[in-house]
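Input: a single structure, listed below in structure tokens.
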Amino acid sequence: GHSDIGLIGLGTMGAMLALNIAEKGFAISVYNRTASVTDEFVTQAGDLAARITPTKEFAALVGSIARPRKIILMVPAGPVVDQQIAELTPFLEDGDIIIDAGNANFHDTERRAAEVPGFIGIGVSGGAEGARHGPSIMGGGSLKAWSLVAPVLEAIAARYDGQPCASWMGPGGAGHFVKTVHNGIEYADMQLIAEAYGVMRDGMGMTSAGIAPVFEGWNAGRLRSYLIEISAQIAAAQDAESGASMLDVILDRAGQKGTGRWTAIEAQHLGAPIPVIEAAVAARNISAKLEERHAGQARFGASPKALPEGALTLEDLESALIAGKIICYAQGFDLLNAASGAFDWGLTMPAIAEVWRAGCIIRSAMLDDMAAALREAPARNLMQAPVFAGLLRTHEAGLRKTASVAMTHGLPVPALTAALAYFDMMRTARGTANMIQAQRDFFGEHGFERLDRAGSGFHGDWG
Ligand code: NDP
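Counted the way the UniProt record's numbering counts, the sequence shown spans residues 7 to 469.
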């Protein structure tokens with residue numbers, strides 16, 4: 007018989023997705039550029055090999071799949087995807103579906119969805135482990151094409167309360183956009199945790215072994231999440247070679263593949279303020295300036311960093327993370343709202359929070375509360391939802407204390423301070439942009455609005 011679905015690209019993610027699909031009872035045909043990888047994959051598939059059809063040519067791949075064919079691409083994002091589509095298309099018929107499951111830039115997905123009939127772009131999160139046992143899937147493109155592949159994608163996805171974390175987000179590049187913002191938030195969550203780690207290590211003089219149980223404790227509370235959970239495990243881990251703490255032997259230079267940067271770039275295009283995510287992207291960029299950081303320390307000396315006894319408690323730090331996280335997600339959903347309007351996607355905010363509740367890297371207990379808050383009022387800033395407003399009232403003091411104490415002692419906490427500045431600006435009815443407007447009018451006659459009169463285009467008498 008014919009396979010239910012096909013998959014091209016048996017790399018880290020593709021291999022795991024294919025096994026997951028086979029395990030859920032679907033027959034799958036697979037293809038890999040390097041044919042030996044295909045053979046090896048089938049050899050190592052064990053009992054699941056019975057549902058896997060290895061193929062060595064696109065003709066054979068396409069011929070082995072039931073109509074309308076559904077073929078997943080799991081290859082590096084960018085030109086490789088276009089090249090695979092171009093090579094595959096001659097073998098396909100009307101109604102066949104190509105699913106790009108890589109981390110595409112959503113602009114590429116928009117273009118491909120417009121050019122290639124039956125093309126859909128889906129964001130897949132959860133790393134290799136998620137791909138194997140249940141990722142979070144953010145679908146985009148033609149709803150009709152999505153509904154034809156949804157049974158497979160829903161079967162392999164993670165579940166939250168029995169509900170699959172696989173949903174259609176919107177047309178065109180909507181799925182890949184939501185995945186991009188997911189990754190931007192992931193950068194911010196990771197940076198917030200790294201800042202808390204820095205305060206404990208450099209400010210409080212704690213060892214990795216001492217930090218691990220703190221993360222563990224936080225994981226039992228409001229901050230319960232995959233990233234806090236693995237941070238506890240990371241802090242507890244030892245290097246097999248040296249016996250030292252794993253964290254203490256890892257170079258402090260962060261890699262990135264671009265999705266955080268894309269989030270910041272798109273936010274700038276849309277005029278959506280996401281300073282916490284931007285701070286996280288900048289922090290990775292600064293981490294890459296290793297030589298300059300060494301030169302900086304040689305010239306200026308390291309900042310003192312050590313905190314006086316009792317200056318800050320672990321409870322303050324936990325509060326800072328809770329408040330920072332809420333503020334960061336408020337910004338992320340604000341960006342999603344702005345994109346939905348600008349691109350006419352009709353994104354459903356609660357559905358996004360729901361699809362992130364399990365399987366993906368940013369999964370957390372808080373996302374369920376966010377889904378509930380967004381069901382009540384999808385366009386409302388999350389900080390205004392009663393449950394989060396309450397949490398912010400409770401934890402604002404800890405955020406303020408952490409940020410100010412850290413800054414006083416030269417501990418860099420750029421994401422936490424960005425969160426605090428946003429919070430303070432967003433609760434300020436009378437800000438300082440009147441000065442900006444005055445300057446713009448002074449040097450460029452741009453005009454301003456007045457507090458005491460309706461209308462616009464007023465000018466100052468600047469002499
Ligand atoms: P890998 O590098 O592990 O695998 C890449 C696959 O693409 C291999 O099968 C490779 O075949 C194939 N390939 C590479 N170049 C070409 C080419 N020029 N022509 C045809 N086939 C090619 O990548 P991943 O599985 O990690 O990533 C795949 C996609 O998934 C990326 O878009 C990535 O961003 C995304 N992603 C990755 C996650 C992760 O945690 N790794 C998480 C979520 C998304 P060959 O064996 O011949 O080299």
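Glycine included, every Cβ here is placed at the ideal spot set by N, Cα and C.
Inset, instruction - Check the DSSP bridge columns for Ile-14 and list the partner residues they point to. - result: Ile-14 is bridged by DSSP to Tyr-37, Leu-79.
Legend entry - Inter-stretch contact (C-beta, 8 Å, three-pair minimum) for the segment 188 to 206 and the segment 269 to 287: Output reads yes: the segment 269 to 287 touches the segment 188 to 206.
Inset, instruction - Kindly give me the distance between the Cβ atoms of Ile-71 and His-8, rounded to whole angstroms, as I take these residues to be in contact under 8 Å. - result: The beta-carbon separation of Ile-71 and His-8, rounded to 6 Å, stays under the 8 Å limit for a contact.
Inset, instruction - Output the residue ranges of the alpha helix (DSSP H) runs that lie fully inside the segment 112 to 163 and measure 4 residues or longer, sorted by chain position. - result: Within the segment 112 to 163, the complete alpha helix (DSSP H) segments of 4 residues or longer fall at 112 to 121, 133 to 139, 149 to 162, listed in chain order.
Inset, instruction - Since I believe Leu-320 is in contact with Val-220 (beta carbons under 8 Å), could you give me their beta-carbon distance rounded to a whole number of angstroms? - result: Taking the Cβ atoms as the reference, Val-220 lies roughly 6 Å from Leu-320, within the contact range of under 8 Å.
Inset, instruction - Taking Pro-123 as the reference, give the member of Val-130, Thr-115, Ala-238 with the closest Cα. - result: Selected option, being the one with the closest Cα: Thr-115.
Inset, instruction - Say yes only if the C-beta of Leu-16 is nearer than 7 Å to one or more non-hydrogen atoms of the ligand NDP, and no if none qualify. - result: Checking every heavy atom of the ligand NDP against the Cβ of Leu-16, one is found closer than 7 Å.
Inset, instruction - Inspect the beta-carbon positions of Ala-364 and Tyr-203 and report whether they are closer than 8 Å. - result: No.
Legend entry - Counted within 10 angstroms of its Cβ, other Cβ atoms place Leu-257 as buried (16 or more) or exposed: Counting the other Cβ atoms within 10 Å of the Cβ of Leu-257 gives fewer than 16, which makes it exposed.
Inset, instruction - May I ask you to check if the CB of Val-205 is nearer than 7 Å to at least one heavy atom of the ligand NDP? - result: Answer for Val-205: no, Cβ out of range of the ligand NDP.
Legend entry - Beta-carbon proximity check, Ala-119 vs Gly-127, cutoff 8 Å: Taking 8 Å as the Cβ cut-off, Ala-119 and Gly-127 qualify as a contacting pair.
Inset, instruction - Identify every residue that forms a DSSP beta bridge with Phe-454. - result: Note: Phe-454 sits in a beta bridge opposite Phe-464.
Legend entry - Continuous alpha helix (DSSP H) stretch holding Ala-200: start and end: In the DSSP annotation of this structure, the continuous segment of the alpha helix (DSSP H) that includes Ala-200 starts and ends at 180 to 204.
Legend entry - Trp-224: first and last residue of the uninterrupted alpha helix (DSSP H) it sits in: It spans 214 to 225 - the alpha helix (DSSP H) in which Trp-224 sits, taken as one unbroken run.
Legend entry - Residue span of the beta strand (DSSP E) that contains Ile-256, given as start and end: For Ile-256, there is no enclosing beta strand (DSSP E), as DSSP gives it neither H nor E.
Legend entry - Own chain, CB closer than 7 Å to Val-255, minus 5 neighbours either side, in chain order: Asp-245, Ser-248, listed in sequence order.
Inset, instruction - For the alpha helix (DSSP H) containing Gly-469, list its first residue and its last residue. - result: That residue, Gly-469, is in no alpha helix (DSSP H); it is neither H nor E in DSSP.
Legend entry - Cβ-heavy atom distance, Met-431 to the ligand NDP, below 7 Å: Outside the cutoff, so no.
Inset, instruction - Whole angstroms is fine: what's the gap from Val-86's alpha carbon to Asn-38's? - result: Going by C-alpha positions, Val-86 is about 13 Å away from Asn-38.
Inset, instruction - Express the C-alpha separation of Leu-13 and Ala-24 in angstroms, rounding to a whole number. - result: Cα-Cα distance, rounded: 7 Å.
Legend entry - Where the beta strand (DSSP E) through Met-175 begins and ends: Note, Met-175: beta strand (DSSP E), 172 to 176.
Inset, instruction - Please report the residue range of the alpha helix (DSSP H) in which Thr-59 lies. - result: Under the DSSP assignment, Thr-59 falls outside any alpha helix (DSSP H), being part of the beta strand (DSSP E) whose first and last residues are 58 to 61.
Inset, instruction - Kindly identify the DSSP beta-bridge partner or partners of Ile-165. - result: Reading off the sequence, residue 165 comes out as Arg, not Ile. Pro-170.
Legend entry - Exposed unless 16 or more other CB atoms sit within 10 angstroms - verdict on Gln-197: With 16 or more other Cβ atoms within 10 Å, it is buried.
Legend entry - Heavy atom of the ligand NDP within 7 Å of Ala-134 beta-carbon: At least one heavy atom of the ligand NDP is nearer than 7 Å to the Cβ of Ala-134, so yes.
Inset, instruction - Would you mind sorting Gly-450 into buried or exposed? The rule is 16 or more other CB atoms within 10 Å of its CB. - result: By the neighbour-count criterion, in which 16 or more other beta carbons inside 10 Å mark a residue as buried, Gly-450 falls on the exposed side.
Inset, instruction - Identify which residue in Gln-337, Leu-54, Lys-311, Thr-354 has its Cα closest to the Cα of Ser-410. - result: Relative to Ser-410, the option among Gln-337, Leu-54, Lys-311, Thr-354 whose CA is nearest is Lys-311.
Legend entry - Closer than 7 Å: Gln-90 CB and nearest the ligand NDP heavy atom: Flag set: Cβ of Gln-90 near the ligand NDP.
Inset, instruction - To the nearest angstrom, report how far apart Gln-443 and His-452 are at their CA atoms. - result: So the two alpha carbons sit approximately 8 Å from each other.
Inset, instruction - Helix, strand or coil for Gln-50, going by three-state DSSP, please let me know. - result: The three-state secondary structure of Gln-50, taken from DSSP, is coil.
Legend entry - Local conformation of Ser-309 per DSSP, three classes: The three-state secondary structure of Ser-309, taken from DSSP, is coil.
Inset, instruction - Could you give the DSSP three-state label for Ile-328: helix, strand or coil? - result: In the structure shown, Ile-328 falls within a helical segment according to DSSP collapsed to helix, strand and coil.
Inset, instruction - Express the C-alpha separation of Trp-351 and Ile-333 in angstroms, rounding to a whole number. - result: So the two alpha carbons sit approximately 24 Å from each other.
Inset, instruction - Could you tell me which of Ala-156, Ala-329, Phe-448 sits nearest to Thr-400, measuring between CA atoms? - result: Put simply, of Ala-156, Ala-329, Phe-448 the residue whose alpha carbon is nearest the alpha carbon of Thr-400 is Ala-329.
Inset, instruction - Within 10 angstroms of the Cβ of Lys-185, are there 16 or more other Cβ atoms? Answer buried if so, exposed if not. - result: Result: buried.
Inset, instruction - Work out the CA separation of Glu-160 and His-139 for me, nearest whole Å. - result: The straight-line gap from Cα to Cα measures roughly 12 Å.
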